[in-house]
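>
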Amino acid sequence: MRPSASHRDDDNATADFADCADCLDQSAKSAQSAVSSRIFGAAHHEADGPLCGILSLSRRLASVNHTYPPAVTFRLLAAVLLAVFCQALIAGRAGAAEAGGNTARPNVVLVMADDQGFGDTGYNGHPNLKTPNLDALAREGLRLNRFYTAHFNCSPTRASIMTGRHPDRMGTFNPGAPIRAQELTVAKVLQSAGYATGHFGKWHLNGKNGDKNTKDLPGRAILATDPLSPGKMGFDQWVSADNFFDLDPVLGRNGVPEKFHGDSSDVTTDEALKFIRAQAAAGKPFFAVVWFGSPHVPHEALAADKALYASLSESEQNYYGELTAVDRSLGRVRAALRELKVSENTLLWYNSDNGGAAGPKSTGNLRGSKSTLWEGGVRVPGLVEWPARIAKPFVSEMPCSTLDMYPTILAATGAVAEKQIQPLDGVNLLPMFDGKMESRGKSIPFWNRAGGRDGHAALIDWPYKLHTNAAAAKPKGKKAAPDAGEAAPGSSIQLYDVSKDPRETTDLAKEQPDRVAKMTAELEAWKKSVEKSLDGADYGTAAATEAKSDAPPTRKKKPKQE
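If you want the working numbering, it's the 1-based position in the sequence shown plus 1.
1) Among residues of its own chain, excluding the 5 on either side of S397, which ones have a beta-carbon nearer than 8 Å to its beta-carbon?
2) When you compare only the Cα positions, how much space is there between T158 and D116?
3) Find out if the Cβ-Cβ distance for the pair T409, L425 is shorter than 8 Å.
4) By a C-beta neighbour count over all protein chains shown, 10 Å radius and 16 as the cutoff for buried, is S265 buried or exposed?
5) Would you call the region 131 to 143 in contact with the region 164 to 178, where contact means no fewer than 3 C-beta pairs closer than 8 Å?
6) Using CA coordinates, which residue listed in N108, A139, A336, M520 is at the minimum distance from F395?
7) Roughly how many angstroms separate the alpha carbons of S493 and H457, rounded to a whole number?
8) The alpha helix (DSSP H) spanning G378 covers which residue range?
9) From G322 to N355, what distance separates their C-alpha atoms?
10) Exposed or buried, what is H200 when buried is set at 16 or more other beta-carbons lying within 10 Å of its beta-carbon?
11) Measuring from the CB of S500, is there a heavy atom of the ligand COA at a distance below 7 Å?
12) Taking only three categories from DSSP, how would you classify I461?
13) Take E523 and list the residues in its own chain whose beta-carbon comes closer than 8 Å to its own, dropping the five residues that flank it on each side.
14) From what residue to what residue does the beta strand (DSSP E) around T198 run?
15) Please state whether DSSP places D306 in a helix, a strand or coil.
16) Distance, Cα to Cα, S402 vs V110?
17) Starting from the N-terminal side, write out each stretch of the alpha helix (DSSP H) that is 4 residues or longer and does not extend beyond the region 198 to 286.
18) L509 bridges to which residues according to DSSP?
19) Looking at the secondary structure, which residues open and close the beta strand (DSSP E) in which N134 lies?
20) Starting from Y407 and walking both ways along the beta strand (DSSP E), at which residues does that stretch end?
21) Roughly how far, in whole angstroms, is the beta-carbon of A188 from the beta-carbon of M234, given that I think they are within contact range, below 8 Å?
22) Taking 7 Å as the limit between beta carbons, can you name the residues of its chain near T186, skipping five residues before and five after?
23) Kindly indicate which three-state DSSP category I445 falls into: helix, strand or coil?
24) By the three-class DSSP mapping on this structure, what secondary structure does D498 have?
25) Can you look up V343 in the DSSP assignment and give me helix, strand or coil?
26) How close, in whole Å, do the beta carbons of T347 and W387 come, if the pair is a contact with beta carbons under 8 Å?
27) Which residue comes first and which comes last in the beta strand (DSSP E) that contains M113?
28) State yes or no: is the C-beta of F245 within less than 8 Å of the C-beta of G220?
29) Have a look at L411, Q183, Q192, A518 and flag the residue whose alpha-carbon is nearest the alpha-carbon of P228.
30) According to DSSP, simplified to helix, strand and coil, what is K362?
31) Starting from E386, trace the beta strand (DSSP E) both ways and give me its first and last residue.
32) Assign T164 to one of three DSSP states: helix, strand, or coil.
33) Touching or not, the region 314 to 321 and the region 335 to 342, by the rule of three or more beta carbon pairs under 8 Å?
34) Taking the C-alpha atoms as reference points, what is the distance between H297 and G118?
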């Protein structure tokens, strides 16, 4: 028995809708019947304007409604409207992703200079230095104008970035002091979450300083046998040195020494971009750590980079030339991310590992310098770019720290640390990225624990900064000078409003004793928690015993002679 006309009409309508779905989904497949061709061609070709397409569809349906009964025509129209709506929704989501709306599993790129001061940028008003790429990032992204390193020296700050914990908790007091193997790094967490992880450049967390017998000799390649290599701390791929490095370096590629030629920042960037390109091609989210060895001493720049500063002294040419290479390398990273079409959903974070060491121009005329807890030693350039999350450029005056990078990255990626080591000293800055965070919510602590329990310590409780044991920082037999580092005059306890007095020249301690008492109590309580961490309390019983055995000795006060 032949099917009735109405059944044939229903079957034809169903077939037409199936053809439509293919057409809408693939944007290239032709219709399978005359009616679907006439009707759905309008929806496809006018997809850029769904409302216009719907109006056109109504006209086309009117021209063919003699083919099907009204009920079938109505069902066809309903199907078409649903299909057009779905296509518009999908297109809208795709457009939102391209325009910065999709923040799922962002790539993360951390770029860090070595010894670049707060003043070592064009955007902060350096009189000689040319940094067009840093200036562009400051102009187009989030400029962290009060960004602090957790410590005034290299290895400790690197440990804080990797863990979100103050380096004193793990005994990483000095340059070259190792991170503890028990610590959980951001690389390990992201690796477990399915990210490809890579480290490129200076590591300086494995307890080595290159050749200790030769002053300022660049670091050496990290070997595969190193128990604290990047590979052991969560990185799938690494091309790394144990300390700073300069022209024509030897780096360890996954533990195998390899000779490279060229500027150290260019070499580091070359290797990082190989990794980034490979992951982008594979469609895999990536975490790339790009830590330059410049502008750390000894300063040795390429001739072409020095030529930009030909009117200056040889030492300035080399110093600024190294920073020019760092700036160029940052620009190459940003350009590659755009070229690979992954820049929208890549969190790019730039900073230095401590304050400048090249004088007042380097620190931006802040008091102190590298190896001090004054502003010039711990306040550094901080820049963030993530177009999918940070839609408009802005400048933040809210104090934040390298301690905050770990929790922020985990929050941004959705990665979960199954066995998070506590306490964390950092906070999640994502609300600040959204312009919804006016206060960090926690004070920022500092402590020169290498100087013993009585070492110089500080606490930022915005807008105030407290210094304790500041007199201990003064070298014996030397006159104090505000720009000469820790050699600064004053009493042991000092208080400054760094929002109004960034050079820390006007001590308010005597005027505000209650504030001093409150901040001192908070700082001392934090120091006690650090001492517990040093003894291994954060790792569990077995690990605590091991950690306590490798804890640095505590200095004791000598009894006064009667």
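Using N, Cα and C, we set each Cβ at its ideal position, and we do this for glycine too.
If we stick to the structure as given:
1) The answer, listed in chain order, is L143, R144, L145, N146, R147, M433.
2) Looking at the two C-alpha atoms, the distance is approximately 11 Å.
3) With respect to the 8 Å criterion, T409 and L425 are not classified as neighbours on the basis of their beta carbons.
4) So S265 ends up on the buried side.
5) Contact between the region 131 to 143 and the region 164 to 178 is absent: fewer than three C-beta pairs spanning the two stretches fall below 8 Å.
6) Residue A139 is the option with its Cα nearest to F395.
7) Separation of S493 and H457 (C-alpha to C-alpha, rounded to the nearest whole angstrom) is 9 Å.
8) That run of the alpha helix (DSSP H) goes 376 to 379.
9) Going from the Cα of G322 to the Cα of N355 covers about 19 Å.
10) The residue in question, H200, is buried, as its Cβ has 16 or more Cβ neighbours within 10 Å.
11) Ligands in the displayed structure: none, and consequently the ligand COA is not present.
12) DSSP places I461 in strand when its eight states are reduced to three.
13) Here the set comprises S444, L460, D462.
14) Per DSSP, T198 belongs to the beta strand (DSSP E) from 197 to 203.
15) Helix at D306.
16) Straight-line Cα distance between these residues: approximately 17 Å.
17) You should have 265 to 283.
18) According to DSSP, L509 bridges with nothing at all.
19) For N134, there is no enclosing beta strand (DSSP E); the enclosing alpha helix (DSSP H) has its first and last residue at 133 to 141.
20) Counting along the chain, Y407 falls outside any beta strand (DSSP E), though it belongs to the alpha helix (DSSP H) covering 406 to 414.
21) Going by Cβ atoms, the distance from A188 to M234 rounds to 6 Å, so yes, they are a contact pair.
22) By the criterion of a C-beta distance shorter than 7 Å, T186 is surrounded in its chain by M163, T164, M234, G235, once the five residues flanking it on both sides are discounted.
23) Strand at I445.
24) Of the three classes helix, strand and coil, the one that applies to D498 here is strand, per DSSP.
25) Coil, per DSSP.
26) With 8 Å as the limit, T347 and W387 qualify as a contact, their Cβ atoms being about 7 Å apart.
27) First-last of the beta strand (DSSP E) with M113: 108 to 114.
28) Yes. Within cutoff.
29) Closest in C-alpha terms to P228, from the list L411, Q183, Q192, A518, comes Q183.
30) Three-state DSSP puts K362 in a helix.
31) Element bounds for E386: 383 to 386.
32) It is helical.
33) With the cut-off at 8 Å, the region 314 to 321 and the region 335 to 342 do not touch.
34) Each residue's Cα considered, the two are about 11 Å apart.
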